[in-house]
Amino acid sequence: MCGIAGFTHKTAVTDRELIHKATVCLVHRGPDQQGVYESNQVSLGVVRLRIIDLEGGDQPIFSEDRDTVIVFNGEVYNYRELRRELEALGHCFRTRSDTEVVLEAFREWDTDCFRRLRGMFAVALWSESRRRLVLARDRLGIKPVYYHRRGGELYFGSELKAILAHPQVERRLDLEGLDYYLSLNYVPCPHTLVQGIRKLPPGHWLEWQEGRLRIESYWRLRFEPHPRWTLPAAVEELDWLLKEAVREHLISDVPLGVWSSGGIDSSTILHYAAAATPGRLKTFSVSFAGRSFDESRYFRQVAALYGTEHYEADLNPSLPLADAIEELAYYSDEPSADAGALPVWFLSRMSRQHVTVALSGEGADELFGGYITYQADRWARSIQRLPRALRRLVLRGLRFWPVSDDKVSLEYKAKRFLEGSLLSPDEAHCYWNGAFSRSEKRAFFGAVELNGLGDLFAGLPPESERCGYVNRYLWFDQLYYLPDDILYKCDRMSMAHSLEVRPPFLDHRIVEFAASLPEEMKIRGRQLKVVLRALMRGKLPEAVLRRAKEGFDIPAHEWLRGALRPLLEDTLTEDAIRRAGVFRPEPICAAVRSHLERRANLGFHLWGLLTLFLWMERWKIRGAPLETARQEAAEAARVCATS
-6 MCGIAGFTHK TAVTDRELIH KATVCLVHRG PDQQGVYESN QVSLGVVRLR IIDLEGGDQP
54 IFSEDRDTVI VFNGEVYNYR ELRRELEALG HCFRTRSDTE VVLEAFREWD TDCFRRLRGM
114 FAVALWSESR RRLVLARDRL GIKPVYYHRR GGELYFGSEL KAILAHPQVE RRLDLEGLDY
174 YLSLNYVPCP HTLVQGIRKL PPGHWLEWQE GRLRIESYWR LRFEPHPRWT LPAAVEELDW
234 LLKEAVREHL ISDVPLGVWS SGGIDSSTIL HYAAAATPGR LKTFSVSFAG RSFDESRYFR
294 QVAALYGTEH YEADLNPSLP LADAIEELAY YSDEPSADAG ALPVWFLSRM SRQHVTVALS
354 GEGADELFGG YITYQADRWA RSIQRLPRAL RRLVLRGLRF WPVSDDKVSL EYKAKRFLEG
414 SLLSPDEAHC YWNGAFSRSE KRAFFGAVEL NGLGDLFAGL PPESERCGYV NRYLWFDQLY
474 YLPDDILYKC DRMSMAHSLE VRPPFLDHRI VEFAASLPEE MKIRGRQLKV VLRALMRGKL
534 PEAVLRRAKE GFDIPAHEWL RGALRPLLED TLTEDAIRRA GVFRPEPICA AVRSHLERRA
594 NLGFHLWGLL TLFLWMERWK IRGAPLETAR QEAAEAARVC ATS
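Numbers -6 to 636, taken from our numbering, label the letters of the sequence shown in order.
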């Protein structure tokens, strides 16, 4: 795995340290080698984590005539077959790396080459004679690409910090991105939390030439459920696809292991990896010893079944949690309001002590319907038949329930569900995983609202007999929640420790297969992931197949009242809130007091604010004063309405 960075310039570069500065800040992504390329028009930088062709794959890599140069982050799993095809067309290779295959594929097929690549990648290619820069990102958004336009020039990088290395880039909080962050717990593509910086959407390429910018899609997700599928046929197809995907994801010249939670997703990957690996695999897990949500009995059972060399880390308040959270402010690039980032941090740190590559089960929930939120979407449709006044009355009654320290208490879940039932179905789906409601944003942030979540749903088809609500929300989550929360979190936490994580479920052939299945093969009654469970029945222990899903989260309510309380109180001070701009100190400070005094469970709200403020302070990101922000918001809304 690697990190890439670069920028264009109209004349010969004068500050030759700038590209080195942008590159060095990514060194955690690739500590094994650094390289730069500079011409009169472009500067490119790369850091490399050696995975394939350890000796010969250093970057940048040039075409034979040195007219085209590539910097590359990721893995292309079908690079060997592409290499054979390109050799038959007359291309010569000097390395065994997949990076050089991408370079020659681009020279042969131009931007059409990206649809031929099977893997995860972010790539930059420069053609000197055409003075043309092309960036591309993999289909599912496993690997990140940020970019910024300034005066006709283009800056880009694998992480925001590579762009913020440029002293000309203004560090202003993007209000539209903030609004999304507060609603969703993540910032959906193409938005970010820094004004003027954007994310390249998954499955797209970007072309910069002579100051002109062009962005196009080379792959789009399509949900087209097909009536031809029977459950036995779907199980057979998924079995073949997983065998192929896992076999390809095991290609590595360095030690490799598997992340295991003891759930069906990671256990499925372990099953196929063990079948394709002659030796003994290493597995890695996080436990919460003594807690009701601890998963250790499941992942230990699976590790014993496959005879793995197993490692686990117990996550508890005695660990340096506050130090890790402050480090997240640097490595996260954008704050992660998903508290699951902290377990992934410690899991990555432990894994890197033993391997350089880990396979994970990310993506299965979004492909096959694994979240209880999809059932909540259905239950909400039923409860919405009840009078609204009755639902509000029950919700008010929940104020008298005891406030629990449990990871996600019954009181918290019931309150969240009833609040969501008062929203539209689309807003409710986002609210199950989100944090702040509209009324809370108005109270905390002065009604600085630029967007509605309806904009995100606009490109999705309405519910119909062919595409019901389950597929509609799976589609939404694959477009936004998966790349901008789940994969974002995994990329930043793993790469902070120079660990490459590969998700075989996100082979685009499996994604397209899942999109072709009818809803009843994903969710049927109370059963989630129907086709995946049918596939693994008889392969995995029944206890694993029957167990309820546990979110990969920390007990945020409890820890923010205990081990993390000093960090919370030191970070969300009235002075810090005023310095940040935009925010109102009084309601935020009141929310902190309410949580600490156990009058409400606001742990997930406060986690999002804590990580946001730590990030803003670390990177010196500032919002406009509240009144200025309101004016900017009103002007932005006016422009959007007239454009």
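Even glycine gets a Cβ: it sits at the ideal position worked out from N, Cα and C.
The structure presented is a predicted model; accordingly, all values stated were derived computationally and were not measured.
Measure the alpha-carbon distance for residue i versus residue j and round it to whole angstroms.
i           : j           : result
residue 62  : residue 508 : 36 Å
residue 440 : residue 167 : Residue placement at residue 440 is flagged as unreliable, the pLDDT there being 48, under the threshold of 50; the coordinate-derived value follows with that caveat. Going from the Cα of residue 440 to the Cα of residue 167 covers about 15 Å.
residue 234 : residue 240 : 10 Å
residue 575 : residue 435 : 12 Å
residue 511 : residue 214 : 16 Å
residue 360 : residue 265 : 18 Å
residue 518 : residue 446 : 28 Å
residue 329 : residue 81  : 47 Å
residue 272 : residue 347 : 15 Å
residue 104 : residue 477 : 24 Å
residue 572 : residue 352 : 42 Å
residue 208 : residue 298 : 48 Å
residue 41  : residue 418 : 45 Å
residue 537 : residue 121 : 55 Å
residue 533 : residue 262 : 11 Å
residue 308 : residue 318 : 13 Å
residue 379 : residue 542 : 29 Å
residue 0   : residue 555 : 45 Å
residue 596 : residue 135 : 28 Å
residue 327 : residue 186 : 7 Å
residue 23  : residue 43  : 8 Å
residue 114 : residue 132 : 9 Å
residue 170 : residue 600 : 18 Å
residue 164 : residue 322 : 15 Å
Spell out the partners DSSP gives residue i in its beta bridges.
i           : result
residue 546 : For residue 546, which the question treats as bridged, DSSP gives no partner whatsoever.
residue 208 : 199
residue 0   : 36 and 148
residue 140 : 149 and 191
residue 307 : 280
residue -5  : 41
residue 113 : 68
residue 120 : 61 and 125
residue 302 : 275
residue 615 : 165
residue 54  : 63
Is residue i close to the ligand HEM? I mean its beta-carbon at under 6 Å from any heavy atom of the ligand.
i          : result
residue 93 : You won't find the ligand HEM in this model; it holds no ligand whatsoever.
Out of the options, which has the shortest C-alpha to C-alpha gap to residue i?
i           : options               : result
residue -5  : 336, 490 and 451      : 490
residue 548 : 137, 514, 313 and 287 : 287
residue 450 : 431, 271, 420 and 438 : 420
residue 485 : 340, 531, 568 and 297 : 340
residue 367 : 323, 422, 174 and 496 : 422
residue 3   : 52, 204, 597 and 65   : 204
residue 291 : 318, 146, 90 and 259  : 259
residue 604 : 316, 474, 34 and 433  : 316
residue 177 : 216, 426 and -2       : 426
residue 615 : 570, 558 and 409      : 570
residue 112 : 500, 592 and 608      : 500
residue 154 : 179, 231, 190 and 173 : 190
residue 145 : 551, 236, 223 and 200 : 200
residue 495 : 244, 183 and 206      : 244
residue 30  : 535, 14, 64 and 20    : 64
residue -2  : 66, 51 and 50         : 66
If I follow the unbroken beta strand (DSSP E) through residue i, where does it start and stop?
i           : result
residue 236 : Note, residue 236: premise wrong, no beta strand (DSSP E); alpha helix (DSSP H) at 224 to 242.
residue 30  : 26 to 31
residue 62  : 61 to 69
residue 649 : Only positions -6 to 636 of the chain appear in this structure, which leaves residue 649 out of reach.
residue 158 : Unbroken run through residue 158: none, as it is neither H nor E.
residue 47  : Here residue 47 belongs to no beta strand (DSSP E), and DSSP marks it neither H nor E.
residue 249 : 249 to 252
Could you give the residue range of the alpha helix (DSSP H) that holds residue i?
i           : result
residue 606 : 596 to 612
residue 126 : No alpha helix (DSSP H) holds residue 126; the beta strand (DSSP E) holding it covers 125 to 130.
residue 467 : 462 to 469
residue 423 : 418 to 426
residue 319 : 314 to 324
residue 21  : Neither: residue 21 is in no alpha helix (DSSP H) and is coded neither H nor E.
> At which residue ranges does the stretch 163 to 192 contain complete beta strand (DSSP E) runs of 3 or more residues, listed in the order of the chain?
Replying inline: You should have 190 to 192.
> Can you list, in chain order, the stretches of the beta strand (DSSP E) that have 3 or more residues and sit fully within the stretch 486 to 532?
Replying inline: Within the stretch 486 to 532, the runs of beta strand (DSSP E) that reach at least 3 residues and sit entirely inside it are, in chain order, 493 to 495.
>> Just to confirm the assignment: which complete alpha helix (DSSP H) runs, minimum length 4, are found wholly within the stretch 534 to 582?
In response: Runs of the alpha helix (DSSP H) inside the stretch 534 to 582: 535 to 539, 549 to 552, 558 to 564 and 567 to 573.
> Where are the beta strand (DSSP E) runs, 3 residues long or more, that stay fully inside the stretch 350 to 393, in chain order?
Replying inline: Runs of the beta strand (DSSP E) inside the stretch 350 to 393: 350 to 352.
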